[in-house]
Structures are given as C-alpha cells and as structure tokens.
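Here's the structure, in structure tokens; my notes come after.
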Amino acid sequence: MSQLVFIAFQDNDNARYMVEAIQEDNPEAEVQHQPAMIRIQAEKRLVINRETMEEKLGRDWDVQEMLIDVISIGGNVDEDDDHFILEWK
Amino acid sequence: MAVKNKKLNLKDKYQYLTRDMAWEPSYQKKEDIFPDEQFEGIKITDWSQWEDPFRLTMDAYWKYQAEKEKKLYAIFDAFAQNNGHQNISDARYVNALKLFLTGVSPLEHAAFQGYAKVGRQFSGAGARVACQMQAIDELRHSQTQQHAMSHYNKHFNGLHDAAYMHDRVWFLSVPKSFFDDARSAGPFEFLTAISFSFEYVLTNLLFVPFMSGAAYNGDMATVTFGFSAQSDEARHMTLGLEVIKFILEQHEDNVPIVQRWIDKWFWRGFRLLSLVSMMMDYMLPNKVMSWAEAWEVYYEQNGGALFKDLERYGIRPPKYQDVANDAKHHLSHQLWTTFYQYSQATNFHTWIPEKEEMDWMSEKYPETFDKYYRPRYEYLAKEAAAGRRFYNNTLPQLCQVCQVPTLFTEMGAPTKLSHRQLVHEGERYHFCSEACCDIFKDEPEKYVQAWLPVHQIYQGNCEGADVETVVQKYYHINIGEDNFEYIGSPDHKHWLSIKGQKPADQSKDAA
Chain A
0 MSQLVFIAFQ
10 DNDNARYMVE
20 AIQEDNPEAE
30 VQHQPAMIRI
40 QAEKRLVINR
50 ETMEEKLGRD
60 WDVQEMLIDV
70 ISIGGNVDED
80 DDHFILEWK
Chain B
0 MAVKNKKLNL
10 KDKYQYLTRD
20 MAWEPSYQKK
30 EDIFPDEQFE
40 GIKITDWSQW
50 EDPFRLTMDA
60 YWKYQAEKEK
70 KLYAIFDAFA
80 QNNGHQNISD
90 ARYVNALKLF
100 LTGVSPLEHA
110 AFQGYAKVGR
120 QFSGAGARVA
130 CQMQAIDELR
140 HSQTQQHAMS
150 HYNKHFNGLH
160 DAAYMHDRVW
170 FLSVPKSFFD
180 DARSAGPFEF
190 LTAISFSFEY
200 VLTNLLFVPF
210 MSGAAYNGDM
220 ATVTFGFSAQ
230 SDEARHMTLG
240 LEVIKFILEQ
250 HEDNVPIVQR
260 WIDKWFWRGF
270 RLLSLVSMMM
280 DYMLPNKVMS
290 WAEAWEVYYE
300 QNGGALFKDL
310 ERYGIRPPKY
320 QDVANDAKHH
330 LSHQLWTTFY
340 QYSQATNFHT
350 WIPEKEEMDW
360 MSEKYPETFD
370 KYYRPRYEYL
380 AKEAAAGRRF
390 YNNTLPQLCQ
400 VCQVPTLFTE
410 MGAPTKLSHR
420 QLVHEGERYH
430 FCSEACCDIF
440 KDEPEKYVQA
450 WLPVHQIYQG
460 NCEGADVETV
470 VQKYYHINIG
480 EDNFEYIGSP
490 DHKHWLSIKG
500 QKPADQSKDA
510 A
C-alpha cells in the first residue's frame, strides 16, 4: 500500500518559495493547487532544507518560519536547525 | 556567519525549557501533586522520553503567534472596511458560518479549557509545556472566529447569541456533548480523544477543504482565520501523533486501553463531522470538493498511512471505519434532508439545492444521489411550490451517545434505518448505530447522564411545551428571522437588495 506524507501551505508569496524549494529537493513530489492553498504529497518522505530556502529567498531563513504559512501536515515530523522532514518509516 | 553558532540550537533551547526548568518534588508526594495521572491505567515509566518534534520554545512561540495575529487582523480590518460580505458567492453561504459560530467556535473554547486542565495533570514537563501552548492557541481560535464573524453579524441573522445557543439548541448538543465527554475523561483519554483522534485524524476535513471552499466562495475573513488556526493545528497534529507513540512505547499494557479510546473517539469524531459533510456539499454554493472526495483524501489515504505506521505498536485501524467509509456516499444527503425538515428550530436557513447543484451531486455521488436522494428533493420542491413547504413537527429520537437524531442507515442498506436499543438497569436507551451502542456499554454510568435536548423538552425543562416557545424563549432564535426556509427569508431579501435585484417570485425560486 502506498503511504503518502503531505504538507499544505497557504497560497501566498512566502509559500511559493517554499514550494520551489520543496520541488527542487523532492523531484518526485506531487504539487496540487486548490483554492487559497497548495498541497504537496510524496511517497514516504518529504524534506524542506534551510539551505535551499535561503538560496531561493536570498536571505537567512529560520526553519520555524514555516509555521506561519503551513496549514496541515501528515507524517512523522523531524525538525532541527537545518531541515524539516515529514516521513513514514 | 561564524558568530551565528553562539546561539543555542533548537534542540538545546527545547531541552532547557522542558527539562531544566522542571524539578523533582521533595516535601510532597508526586501522586498527591498529580492525582489524576494513574486512574485510567496508563503506565508511564519515563517522562523524559517525551519529545515535541517542533521543539517550540516560548520566545519563538510568541514571536510567530504575534506575526500570525498581525496578518490576520489586517485582513479582518480590510474585509470589514471594504464590505467584504457583499462579495461572497451567495448569501446561502452565510448559513455555514452560523453553524460554524454556534457549533465549532465554542468547541475551540472548550479545547482551551481542556488543555489548560490536563496541562496541570501531567508530571512530565514536556507534556505540560505542549498543553499550555495548545491551550493558548485554542483560546486564540475561539476569539479570532468570533471577531471574524462579528462583521457578518451586522448584516445577517442567526449569529447574535452563539455561546448561549451552544448550551441549549438541540443539534448543538452534538458538538457540545462531544467535548464534554472528552473533558470529563481522564487526562490521557482527553489527549487520545482530542490531540490524536480529533486533531490528527479528523480535523483536516473541517479546516482544509471547507476553508478552501470558503475562499472559493469569496469569504476572505473566514479562510484567513481558518488557515491561521490551522497553522497552529499543524503543531497540534504533530503533538497528537507524538502523544500516541509516547503512550504506546511506555508500556505494553497501554495498548488495549489506547485501542479502545481510538475506536471510541474515531467514531465520536466521525459522527460530529457529519455536520461538516453537509456544510461542504450543501452550504458552499461554489463547490471545491465533495465530502466523499475529502473523506477519501483525508481519511482513507492519510488515515490509512497513519494506521499502517501504528501497526508496529499493535494498533489496528478504528473498529467501525468500514461503516464510516461506506457512509461517505450518503452522509451529507441524509443530514441535509433532516435539517431541511427541522428548519423551524435552527438558527440557520435550509433550502432545496438548485438544479446545477443537484447535477454536481449526481456526478460526485453516481451510485447514490439519483437513486436515493434526488427524488426526495424533487418531491420536497413540488410540495414547497404548492405552498406546502415541509416542516416536521415530531421531535426526533436522539442517540444516547452522539446525540444525533437516529437518521443514519445501515451499511450496505441505504433504505434501512440504523437503530439499536438496550435496557440498562430497567431503562431503555436508543442508539444510532452499533458503534454508539458499544461506547455506551463500556461506560453506561457516564452516558445515562446525557442531557438529551428532546427528552429535556418533554420533561418541561426548556421553558415550554411547544416548539415555538422553546425556539424563541429557550433557544433565543428569532422566529421568522433566523429560522425557516432560505427563499423569502429576510437574509434572502437583504442579499437581493445588496445585489440590486428584487425578490423573485417565491414559488418559482422554490422550484
């Protein structure tokens, strides 16, 4: 059985960079656009890297900044200063 | 860049907050300080295993919450200043908000009280910190929802006395009793009920597709508070999953207790969300996703992945999930046809879906809508056109546990009413389903005390014996303004005048 993790963001300016970064680091992830929101799902694992986000934004980025734009998640969370990972092990 | 490392990293900061600020009691016994931690039978051997994967500390918490609030209130201001209510898809939509404000927002407040209470009851500091933050979040949700809807209250009926109605109105005993049940349980059951079963497994269905639907119907204020609340919810969901894993890892004796709670609270949550099914399919004039589709994505798919993950602990999916999965084809239609006939006793209006809406439902519910439900609406529309808009004057039989009228049908038999009964200590009790009957059997001494609105009316505890007195005096529903059919209501007329149209011929609209 397929075991998907997912994350949903508000469809706003911050989130668009986040989606770009996620697509770059998780090329197999599927991005779904719904009214006012963007939902991204992937098999088993999805990662947001601080380094990729900082490249996209051109500024320092704290991983916890994602708390402002996230709507929902599915999967076990592993967060530290460099990444935010969702996964089913 | 080298200077940056002088800052504490996330893990250290979280460690300092949740471990180093706690202490071992020296002159009082631990079980006297935390007297509710044992009686449910849950065994915790090592609280230090508790981890919040977000590792949120108070400084970061206030910083991000303040930022969320600033964004949110800027939008509320803009919405009110620009008369945002005039830009929604259709005023029928506002009825979903009336249900939300009376049914959901008071639950946010109940959650605040619940987390404030259990946050005092755990001897582990990590759990106390997590519950404290969630308590503050829930209070914020309750307040922001009331602020968002105060603008609608200036222009539409039925929003004037939500907290009062929540404690009295018949269908609002469904959400109220749900949270009262959780809050009167022990602390570990409360977390399993609310953090895990409700927040993690089920709330996506309310806050994600419904809020996306609010955006699609032009309601900038609601989508904004919804998503702002949901951004806290992402943390709550993570907590919910961690709580379950933590309890299960602590002791194998915890597994059967938690399994029973998951069975119970999945079902209680599913029954509560039947209200959301009708909000999505019937009360959003512009439709994004059907209830069945939302159930497939957010329960069958995401819940499936979750319960697969929990297999390693000996946890199986909730006992009655097959019944819930089968019900996705029927739920919203059975709810709406019931509310349609009891509109004389609700603070919101109901209506027959328009032709395009019925066609949408035929497409989304190919197996069931045309066969079982469209003919009912065609009949009701014909009655209304002939001046006999149907209201049911018999009070419904309520389920002793979920308190929903016994309106559901059996799995695989959509014309057979689902009903169970049981005699307990000489009294007969009625249930909507096997699952609710099971919940009663586990704790009859709790559910015999249920405050069932219909029984209370018949016992003379609701200020009168006839529906009109109860509705007006006991519920504070303004007759002829808040209740009855939408077509021809003051809200409908007001909306037409906003749009520069005259009220259409009533019989034509109703058909």
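These protein sequence lines are chains A and B, in that order. Those letters in the first sequence? Residues 0 to 88, per numbering that gives the first Met the number 0, in order. Those letters in the second sequence? Residues 0 to 510, per numbering that gives the first Met the number 0, in order. Glycine is no exception: its CB is placed at the ideal position from the N, C-alpha and C atoms. For clarity, every value in this text was computed on a predicted model and none was experimentally measured.
Inset, instruction - Using beta-carbon positions only, say whether A20(A) and N48(A) come within less than 8 Å of one another. - result: Inclusion of A20(A) and N48(A) in the CB contact set at 8 Å is warranted, their separation being smaller than that value.
Inset, instruction - Go through its chain and collect everything with a Cβ distance to F53(B)'s Cβ below 7 Å, but skip five positions before and after it. - result: Within the same chain, F53(B) has close Cβ partners R234 and T237.
Legend entry - Inter-residue spacing [alpha-carbon to alpha-carbon] between K507(B) and K354(B): With a pLDDT of 41 at K507(B), under the threshold of 50, the modelled position of this residue cannot be trusted; read the value that follows with caution. Taking the straight line joining both Cα atoms gives about 13 Å.
Inset, instruction - Could you tell me the boundaries of the beta strand (DSSP E) in which R414(B) lies? - result: The sequence shown places Thr at residue 414(B), not Arg. T414(B): member of the beta strand (DSSP E) spanning A412 to L416, first to last residue.
Inset, instruction - Check the Cβ-Cβ distances between F571(B) and every residue of chain A, and say whether any is below 8 Å. - result: It is not possible to answer for residue 571(B), since the shown part of chain B is limited to 0 through 510.
Legend entry - D77(A) - partner residues in DSSP beta bridges: D77(A) is bridged to I84(A).
Inset, instruction - Report the residues of the segment 16–46 of chain A with a CB closer than 7 Å to any CB of chain B, ordered along the chain. - result: Those would be Q33, P34, A35 and M36, in chain order.
Inset, instruction - Please confirm if the segment 201–208 of chain B is in contact with the segment 273–288 of chain B, defined as three or more CB-CB distances below 8 Å between the two stretches. - result: With the cut-off at 8 Å, the segment 201–208 of chain B and the segment 273–288 of chain B touch.
Inset, instruction - Taking only beta carbons into account, state which residues of the segment 282–312 of chain B come closer than 8 Å to chain A, listed in chain order. - result: Those residues of the segment 282–312 of chain B that come within reach of chain A (Cβ to Cβ, closer than 8 Å) are V287, M288, Q300, N301, G303, A304, L305, K307 and D308.
Legend entry - At least 3 beta-carbon pairs within less than 8 Å: the segment 377–391 of chain B vs the segment 120–136 of chain B: Cβ pair count under 8 Å is below three, so no.
Legend entry - Sequence-distant residues of the same chain with beta carbon closer than 6 Å to A510(B), five excluded per side: Because the pLDDT of A510(B) is 35, which lies under 50, any placement of that residue in the model is unreliable, and the number read from its coordinates should be weighed accordingly. These residues qualify, in order along the chain: A380 and A384.
Inset, instruction - Determine, using beta carbons only, whether P24(B) and Q120(B) come nearer to each other than 8 Å. - result: No; because the gap between Cβ atoms is not below 8 Å, this pair is not in contact.
Inset, instruction - Tell me whether A95(B) is buried or exposed, calling it buried when 16 or more other Cβ atoms sit within 10 Å of its Cβ. - result: It is buried - the Cβ of A95(B) has at least 16 other Cβ atoms within 10 Å.
Legend entry - the segment 464–484 of chain B contacting the segment 440–449 of chain B, beta-carbon criterion three pairs below 8 Å: Taking a contact to require three or more Cβ pairs closer than 8 Å, the segment 464–484 of chain B and the segment 440–449 of chain B do not qualify as touching.
Legend entry - Contact list for L3(A) against chain B, beta-carbon separation under 8 Å: What L3(A) touches in chain B: Q300, N301 and A304.
Inset, instruction - Identify every run of the alpha helix (DSSP H) within the segment 151–204 of chain B, keeping only runs that are complete inside it and at least 4 residues long; order them along the chain. - result: Qualifying alpha helix (DSSP H) stretches, in chain order: 161–165, 172–182 and 186–189.
Inset, instruction - Given a cut-off of 8 Å, decide if Q343(B) and V470(B) are closer than it, judged by their beta-carbon atoms. - result: Contact: yes.
Legend entry - Bridge partner(s) assigned by DSSP for S71(A): DSSP, once it has assigned bridges, lists A7(A) as partnering S71(A).
Inset, instruction - Pair every Cβ in the segment 102–109 of chain B with every Cβ in the segment 17–35 of chain B, then say whether three or more of these pairs are closer than 8 Å. - result: The segment 102–109 of chain B is not in contact with the segment 17–35 of chain B.
Inset, instruction - Tell me N48(A)'s beta-bridge partners as DSSP assigns them. - result: DSSP, once it has assigned bridges, lists H82(A) as partnering N48(A).
Legend entry - Neighbouring residues, chain B, relative to W60(A) (Cβ below 9 Å): Chain B residues near W60(A): none, gap ~13 Å exceeds 9 Å.
Inset, instruction - Taking E78(A) as the query, report the chain E residues whose CB atoms sit under 8 Å from its CB, ordered along the chain. - result: Looking for chain E here will not work: the only protein chains present are A and B.
Legend entry - Where the beta strand (DSSP E) containing L421(B) begins and where it ends: Per DSSP, the continuous beta strand (DSSP E) segment holding L421(B) begins and ends at R419 to H423.
Inset, instruction - Taking the CB atoms as reference points, tell me whether C398(B) and R267(B) lie closer together than 8 Å. - result: The beta carbons of C398(B) and R267(B) sit no closer together than 8 Å.
Legend entry - Inter-residue Cα distance where the pair is R259(B) and Q85(B): The C-alpha of Q85(B) is placed about 48 Å away from the C-alpha of R259(B).
Legend entry - Which residues DSSP lists as bridging L397(B), in chain order: P404(B).
Inset, instruction - Output, in chain order, the set of chain A residues within a Cβ distance shorter than 9 Å of Y519(B). - result: Here chain B covers residues 0 to 510 and nothing more, so residue 519(B) does not appear.
Legend entry - Beta-carbon neighbours of A7(A), restricted to chain B and to distances below 7 Å: Neighbours of A7(A) on chain B, chain order: V207.
Legend entry - C-beta contact flag for M219(B) and F338(B) at 8 Å: Going by C-beta atoms, M219(B) is not nearer than 8 Å to F338(B).
Inset, instruction - Go ahead and pull the three-state DSSP assignment for A449(B). - result: In the structure shown, A449(B) sits in coil (DSSP, three-state: anything other than H, G, I, E or B).
Legend entry - Cβ pair K97(B), F347(B) closer than 8 Å: For K97(B) and F347(B), yes; Cβs fall inside 8 Å.
Inset, instruction - Could you list which residues in chain B have their beta carbon closer than 9 Å to that of N75(A), in chain order? - result: Near N75(A) (Cβ distances below 9 Å), the residues of chain B are P52, T237, L240, E241, K244 and D308.
Inset, instruction - Would you kindly work out how many angstroms separate the C-alpha atoms of P317(B) and K498(B), rounded to a whole number? - result: Their backbone Cα atoms lie some 48 Å apart in a straight line.
Legend entry - Whole-angstrom distance between P365(B) and Y378(B), CA atom to CA atom: So the alpha carbons of these two residues sit roughly 20 Å apart.
Legend entry - First through last residue of the beta strand (DSSP E) which encompasses H32(A): Unbroken beta strand (DSSP E) run through H32(A): E29 to Q33.
Inset, instruction - Measure from the C-beta of Y13(B) to each C-beta in chain A and report whether the shortest distance is under 8 Å. - result: So, not an interface residue.
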